[in-house]
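Visitor: Chains as they are written, first to last, in our numbering: chain A, 4 to 493; chain B, 3 to 413. Handing you this structure, nothing more for now.
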Amino acid sequence: MAAADWQNGYKGLESQLSKKAFSGQIMRSLLAVLLSLFATTLSANPFPSTYQPLPSSPTLITDATILTGDGQRLDDADLYIADGKIVWVGEGSIPAEGVTTINAAGKWLTPGLIDVHSHLGVYPSPGVSAHSDGNEATAPVTAEVWAEHSVWPQDPGFSRAIAGGITSLQILPGSANLFGGRSVTLKNVPQTTYQAMKFPGAPYGLKMACGENPKRVYGGRNQAPSTRMGNVAAYRASWIKAQRYIQDWEQYEQKMAKQSPNTEGDSNSALAAALIKPPKRDLELETLAGVLKGDIILHMHCYRADEMITILDMADEFNYKMGTFHHGVEAYKIADELAENNVCGALWADWWGFKMEAYDGIQENIALVDRPDNGCAIVHSDSEEGIQRLNQEAAKAMSKGQAAGLDIPPERAIRWITSNAAKSLGVHDQTGTLSPGKMADVVIWNQNPLSVYAKAEQVFIDGALVFDRDDKALQPVSDFELGQLLEVAP
Amino acid sequence: MKRVLFTALLTLACSVSLAQDLLITGANLHSQSDAGVIENTDILIKDGRIAKIAPRIPTNKMIKVINANGRPVTPALFAGLTVSGLSEVEAVSEAVDSGYRELYTELMHPEFDVRLAYNPHSSVIPITRVEGFGFTLLGARGSDKTLSGQGGMVRFDGGYSSFEGKPVIYVQTSGRAAGSMGGSKVAHWMLLNQAFNEALTDEELTLITPQGAATLKTAKSDGIFLFHADRAADIMRVLAFAKEQGISIVIHGGSEAWMVAESLAAAQVAVILNPLKNLPESFESLGARLDNAALLHEAGVPVIFSSGETHNARKVRQLAGNAAANGLPHNVALAAISSTPAEVFGGEPRSIGKGSRADLVIWSGDPLEVTTQAQQVILGGIPDTMVSRQTLLRDRYMGAAADMPRAYTHP
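And the structure:
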């Protein structure tokens with residue numbers, strides 16, 4: 004944890020200095036200045052999650068067809084959730100009283116769906132220009148921006164997504180830039196602040212983009228990059244800067260370590276340490292360094308097979324881990340390479356042809372990326388419409404795979420929008436499957452969810468019922484929508 | 003296994019001469035006519051038209067037989083309002099021929115006719131066709147003028163001029179285009195009124211050419227004006243304008259059409275809409291809701307579905323399925339992507355009866371379900387090869403890597 008390492012370094016210094024008894028007024032002032040300087044650099048998590056699970060009660064859901072999210076299907080099975088967690092799935096015991104029971108005979112249960120690629124909040128509805136907060140398209144490298152600072156929690160799209168069974172989602176900056184900025188993973192609860200939605204403990208992501216978008220945006224201004232080779236040169240230049248940034252901090256920490264007081268009362272060493280100037284903080288390079296150190300997960304918008312392989316080579320050159328390729332309409336051409344490198348493909352079921360690099364899209368893309376051992380296929384939306392029916396997108400991809408002769412039962416396809424998505428976001432230990440101990444993020448569907456007729460009837464997040472199709476009181480309405488069209492009969 | 007065998011049989015069948023008579027046996031026929039769904043029937047096709055619909059039609063060696071085996075058969079579907087054959091790649095402007103802008107005339111050009119650039123060999127067409135689609139409404143769009151131009155229906159049968167139906171004039175009055183048109187939709191109405199008055203009353207022409215005036219006159223007598231409007235108030239304004247001018251209109255967009263459903267029904271105006279729209283995308287669609295189509299149908303308004311997409315026009319079937327899942331009767335949802343557009347825009351009737359064009363699809367299951375596949379498309383009585391650039395890419399990459407690169411795999 005790069006930033007946390009630095010934080011610990013400061014904290015160590017702070018506690019050591021605090022033991023010293025400096026007598027002079029000047030010395031105290033100097034120390035105060037230094038400490039205040041450090042204080043401004045201390046927090047690795049300056050916009051912390053304030054997420055709290057909503058009120059819940061122990062709930063037993065019985066007689067359902069359960070897709071667990073890890074490839075299993077259980078028929079006529081039960082699920083018990085309590086204290087916001089999944090207690091057991093299949094069979095188990097429950098307390099004698101205080102349990103709400105839902106008979107789900109004929110219904111299907113899945114983990115809460117996860118969309119790894121959303122712009123809700125940063126490109127909210129209504130899509131007026133004043134709401135266009137998703138692309139800081141003023142420079143090709145803007146790793147310093149954080150999507151969460153653009154998220155408008157009142158976007159009506161969040162509540163529409165709940166009705167589609169979405170319980171977690173990653174909000175990404177757009178793809179105008181080579182380095183677009185940090186993403187944020189949210190739990191899909193309607194709150195007044197994004198902090199109250201932030202998925203507790205989820206790592207940050209970094210959005211990058213290949214190909215046409217950056218070169219079009221900046222090339223159109225007669226500015227670099229205007230070509231794909233310009234794109235790659237600029238990525239590499241940034242990684243080199245980030246490597247140097249890490250070295251500078253390591254050297255600083257080494258110097259500090261040498262100056263650490265060996266004995267109690269070694270005030271000279273402490274003072275010397277305090278006078279060593281730390282490197283200047285750089286928000287852009289902090290994020291890039293976070294990727295190089297493995298704390299921030301890479302999410303890269305990339306369509307063409309050849310470009311994705313270039314990116315994998317670049318990850319080797321700078322010794323970082325590639326996370327997930329997003330959109331990847333040509334991922335099927337390199338499905339084996341993606342699986343070998345433990346790289347996920349977050350893909351559309353059928354979208355293609357809207358630009359040149361999307362020309363070779365096929366509807367079997369997801370099924371083919373899923374095919375190899377260790378394949379990590381994900382269905383993503385990138386759309387305020389698609390996120391409402393991610394199950395239908397998975398259904399289309401499943402059936403195209405089946406028609407091509409691949410054996411893809413629903414319990415396998417559901418992984419594309421649950422466990423594989425959770426892996427991509429680094430939250431698989433908390434959600435994505437119906438495993439005991441995980442967050443009770445659960446959807447009750449009126450039927451097999453891999454159908455155009457399927458509807459999420461009830462949605463639980465951390466055990467709390469946050470959506471009920473039959474109960475208006477449990478259907479959130481954003482501030483924006485409240486009081487519109489007052490004279491119109493519903 | 004059944005499916006593989008079925009496909010193999012179809013492939014065999016398709017290799018036989020194309021001009022042959024065709025017999026589809028064991029169809030679960032969604033006729034889209036008063037006959038409704040006809041279970042387990044045979045369909046005899048001669049010279050590209052339906053010759054007979056009856057159980058157990060006798061066959062002979064000269065007739066090619068396709069066994070539908072109880073599967074649904076529907077009319078070939080409507081791909082919505084698209085620019086198929088006018089746009090190879092949406093963002094590659096040099097490969098898109100659907101609109102006009104920055105013309106040196108400064109005038110509006112309703113005579114601008116996208117059909118002149120229609121290319122039946124675009125890879126987009128087989129990619130759409132193999133998913134069960136047989137025709138589309140070609141749109142004029144991307145223009146920066148109130149009158150965007152004209153188009154009409156076209157069949158996906160590979161013909162250079164497979165056009166049918168009435169001329170359709172595209173009219174833009176929504177706020178989205180208003181930025182380039184006087185900064186307000188008021189400017190659209192001002193200019194539209196003037197253009198119509200000039201064209202239809204022999205006033206001096208200042209906004210359109212004589213050809214444009216002639217186009218408007220023709221369209222007034224035998225064409226359709228398609229207005230893009232989402233807001234209820236704007237739809238009411240369009241209805242009033244149509245009444246004043248005596249023109250036939252269709253509303254496209256219609257996010258808030260349900261709010262004025264009775265007025266639309268009274269004026270017998272159809273609506274082309276996307277039934278997935280349920281978000282206030284703009285201040286013109288605050289009333290967008292998933293049961294828009296169902297409410298319009300209940301009020302007696304004909305509904306047609308369109309996604310607005312060309313390359314992924316095949317998604318229209320999913321639109322219809324969602325409309326059915328949100329209260330629209332299944333047969334009406336199917337009609338919204340088959341017979342209704344044909345009724346509204348003219349051309350070949352798209353219900354299946356004796357004498358109707360043999361544009362059909364055999365499906366693996368419910369035609370509105372996303373997990374259903376089009377197993378055989380038949381246009382003008384000719385079974386399609388069911389091959390597209392995308393099926394070939396799939397087949398090239400399906401198999402394990404060989405010694406030679408994939409470029410040597412010729413599926």
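For each residue, glycine too, the CB sits at the ideal point set by N, CA and C. All values derive from a computational prediction rather than experimental measurement.
(1) Can you list the residues of chain B that A/Asp363 reaches, using a CB-CB cut of under 9 Å?
(2) Could you run through the segment 315-330 of chain B and flag, in chain order, every residue whose CB is less than 8 Å away from some CB of chain A?
(3) With 7 Å set as the bound, which would you pick, yes or no: does the beta-carbon of A/Pro193 sit closer than that to a beta-carbon of chain B?
(4) Can you grab the Cα-Cα spacing for the pair B/Thr148 / B/Arg103, in whole Å?
(5) Strictly under 7 Å for the Cβ-Cβ distance: is B/Glu92 near chain A by that measure?
(6) Looking at the unbroken beta strand (DSSP E) that takes in B/Pro74, where does it start and where does it end?
(7) If I measure Cβ to Cβ from A/Ser26 and keep anything under 6 Å in the same chain, skipping five residues before and after, which residues do I get?
(8) Whole angstroms are fine: how far does the CA of A/Val430 sit from the CA of A/His302?
(9) Go through its chain and collect everything with a Cβ distance to B/His332's Cβ below 7 Å, but skip five positions before and after it.
(10) Using a Cβ-Cβ distance under 7 Å, would A/Ala406 count as near chain B?
(11) Under 8 Å Cβ-Cβ, which residues of chain B neighbour A/Glu460?
(12) Less than 7 Å between CB atoms is the rule here; does B/Gln375 satisfy it with respect to chain A?
(13) State buried or exposed for B/Phe285, treating a residue as buried only when at least 16 other CB atoms are found within 10 Å of its CB.
(14) Say whether chain A places a C-beta atom closer than 7 Å to the C-beta of B/Leu281.
(15) According to DSSP, is B/Lys147 helix, strand or coil?
(16) Answer yes or no: does any C-beta atom of chain A fall closer than 7 Å to that of B/Met261?
(17) Evaluate contact between the segment 331-343 of chain A and the segment 363-383 of chain A, counting only Cβ atoms and requiring at least three cross-stretch pairs below 8 Å.
(18) Beta carbon of A/His120, beta carbon of A/His383: below 7 Å?
(19) Are A/Tyr197 and A/Glu151 closer than 7 Å when you measure CB to CB?
(20) When we look at the beta-carbon of B/Thr138 and count the other beta-carbons within 10 Å, is it buried (16 or more) or exposed?
(21) Just how far apart, CA to CA, sit B/Tyr172 and B/Asp236?
(22) Given B/Ala119, which residues of its chain have a CB within under 7 Å of its CB, disregarding the five upstream and five downstream residues?
(23) What's the C-alpha gap between A/Asn434 and A/Ala205?
(24) Exposed or buried, what is A/Thr327 when buried is set at 16 or more other beta-carbons lying within 10 Å of its beta-carbon?
(25) Over what stretch of residues does the alpha helix (DSSP H) that includes A/Gly160 continue unbroken?
(26) For the alpha helix (DSSP H) holding A/Ile84, just list the boundary residues, first then last.
(27) Rank A/Glu147, A/Thr68, A/Asp158 by C-alpha distance to the C-alpha of A/Gly109 and give the top, closest one.
(28) Would a check of beta-carbon distances place B/Gly289 closer than 7 Å to chain A?
(29) Tell me which same chain residues have a C-beta within less than 6 Å of the C-beta of B/Ile339, skipping the five on either side of it?
(30) Name the DSSP beta bridge partners of B/Met64, please?
(31) Just how far apart, CA to CA, sit A/Leu477 and A/Ala397?
(32) Give me the DSSP bridge partner(s) of A/His330.
(33) Quick check on the DSSP output: the alpha helix (DSSP H) that includes A/Ala425 runs from which residue to which?
(34) Return the residues of the segment 356-390 of chain B that lie within a Cβ-Cβ distance of less than 7 Å from chain A, sorted by chain order.
(35) For A/Ile165 and A/Pro479, which I take to be in contact (beta-carbon distance under 8 Å), what is that distance rounded to the nearest angstrom?
(36) Within 7 Å of any Cβ in chain B, is that where the Cβ of A/Asp316 sits?
Guide: Concretely, from the data shown:
(1) Arg391, Gln392, Leu395
(2) Arg316, Lys317, Gln320, Gly323, Asn324, Ala326, Ala327
(3) no
(4) 11 Å
(5) yes
(6) 74-77
(7) Confidence at A/Ser26 is low in this model, with a pLDDT of 43, below 50, so the placement of that residue is unreliable and no value is reported for it.
(8) 15 Å
(9) Ala326, Leu370
(10) yes
(11) Going along chain B, no residue has its Cβ under 8 Å from A/Glu460, so there is no contact; the nearest lies around 13 Å.
(12) yes
(13) exposed
(14) yes
(15) coil
(16) yes
(17) yes
(18) yes
(19) yes
(20) buried
(21) 16 Å
(22) Leu88, Asp99
(23) According to the sequence as given, residue 434 of chain A is Thr; it is not Asn. Rounded to the nearest angstrom, the two C-alpha atoms are 11 Å apart.
(24) buried
(25) 159-166
(26) From DSSP, A/Ile84 is part of no alpha helix (DSSP H) but of the beta strand (DSSP E) over 76-85.
(27) A/Thr68
(28) yes
(29) Leu79, Phe80, Phe307, Val318, Ala322
(30) In DSSP, B/Met64 forms no bridge with anything.
(31) 26 Å
(32) A/Cys305, A/Leu350
(33) 422-428
(34) Leu370, Glu371, Val372, Thr373, Gln375
(35) 7 Å
(36) no
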